[in-house]
Amino acid sequence: MPYHNWTKQEINLLSSAVKKHGLKWAIIQKNYFPEFNVISVKNKYYAYAHEIMVRRQERAASGQSASQDEQLVQKSQNQVKNESNTLSEEDLLQQIRTILTQQLQ
């Protein structure tokens with residue numbers, strides 16, 4: 086499949102699917118994105134999570150506050166933290182940091 090520009094709706098759907106199913110990429114791909122392969126879905130999610138992490142670090146360095154969208158993300162992630170079957174944002178970001186560190190070595 087050629088390169089695909091993901092829409093905001095697709096990214097929101099992907100984020101919701103991860104909140105519901107955790108990092109079970111085969112289930113997410115099959116049920117939500119059958120037109121993509123599993124690797125594309127996984128890579129898009131990690132790229133999106135990395136973008137969020139970078140923006141937060143930039144905001145923290147500049148002293149800016151979170152945007153409305155980020156506040157909504159935080160609110161939904163707080164709900165996820167209350168559910169025992171999914172990863173918290175911090176756990177996900179830690180996994181991403183670990184993966185990126187391993188890839189850089």
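According to this note's numbering, the sequence shown is numbered sequentially starting from 86. Quick reminder that beta carbons are idealized off the backbone N, C-alpha and C, glycines included.
My output table needs one value for Tyr-131: the three-state DSSP class, helix, strand or coil. helix
Indicate the three-state DSSP secondary structure (helix, strand or coil) for Trp-91 in the structure shown. coil
Sequence-distant residues of the same chain with beta carbon closer than 7 Å to Ile-96, five excluded per side: Tyr-133
Just checking Leu-178 against the ligand SAH - is the residue's beta carbon closer than 7 Å to any of the ligand's heavy atoms? Among the components modelled here there is no ligand, and therefore nothing to report on the ligand SAH.
Does DSSP classify Lys-105 as helix, strand or coil? helix
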